[in-house]
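Numbering (my numbering), first residue to last: 36 to 308.
Below, the structure is given as structure tokens:
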């Protein structure tokens, strides 16, 4: 049985809401989860439970300005302090389980944060899993920044998943941001994309890239540019035909989660051999 507990930590922009999921037995590894833009860690309950069932203890944080954390809603002036916040969560996890390997999982904007984290702290990770990651080239940033003001147009919820219930749940979630992008945040995303492109490749770190083949929010082609730079010798790629942006919430989510668990299990088995 999986249990969860909520806790807080001081972040660069105020108190950060964190959640830990764990099973009844002793865990074999630690997972850090980094959620995407406008959402929160609570949307990853089923992901965390699948990982706990596979032997993990899972820690996640609502990034500054997101979910239950403090800060102006979805305002991120610089992603380097957000990486620092995630590192503070990792330190707490390592205090509790200093002997366990750590796997980082990041989705979308969380994939951007996770990629930058791996460039800075890759030596502390056993593996990196990037889901629909915002890395490489993202044409939407330039298009938004070229406008005189951010358009107040709601997200097309049909781009999230082929399962319409995912969009309806997202649309009614009070912890999800339903307003426009903020220029400061888009500017910070653009700088962070450049930082990742100019940062080091992840040569010694096992990396899995998973992406929906029909992702219209973060297109495969743009992310591929980033992954070609980041990837090292131990690299697994999974592009799911027809799947949209939130592959953990897709109609084939069980397949996606099984692939992630299999990748992590193979990496950890290799470490132990």
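Each residue gets a CB set at the ideal place from its N, CA and C atoms; glycine is no exception.
C-alpha gap between residue 264 and residue 247, whole angstroms: 20 Å
Sequence-distant residues of its chain with Cβ nearer than 6 Å to residue 83 (five each side left out): 56, 93
Beta-carbon proximity check, residue 310 vs residue 185, cutoff 9 Å: Here the chain has residues from 36 to 308 only, and residue 310 is not among them.
Where residue 293 falls: helix, strand or coil (DSSP): helix
Span separating the alpha-carbon of residue 226 from that of residue 209: 29 Å
Chain-order list of residues whose beta-carbon lies under 7 Å from that of residue 260 (same chain, five-residue window excluded): 171, 172
Bridge partners - residue 212, DSSP secondary structure assignment: Residue 212 pairs with nothing; no bridge assigned.
One or two residues paired with residue 40 in a DSSP bridge: 55
Alpha-carbon spacing of residue 273 relative to residue 283, whole angstroms: 13 Å
Coarse secondary structure for residue 166, derived from DSSP in three states: strand
Pick from 86, 118, 95 that is closest to residue 76, judged by C-alpha positions: 95
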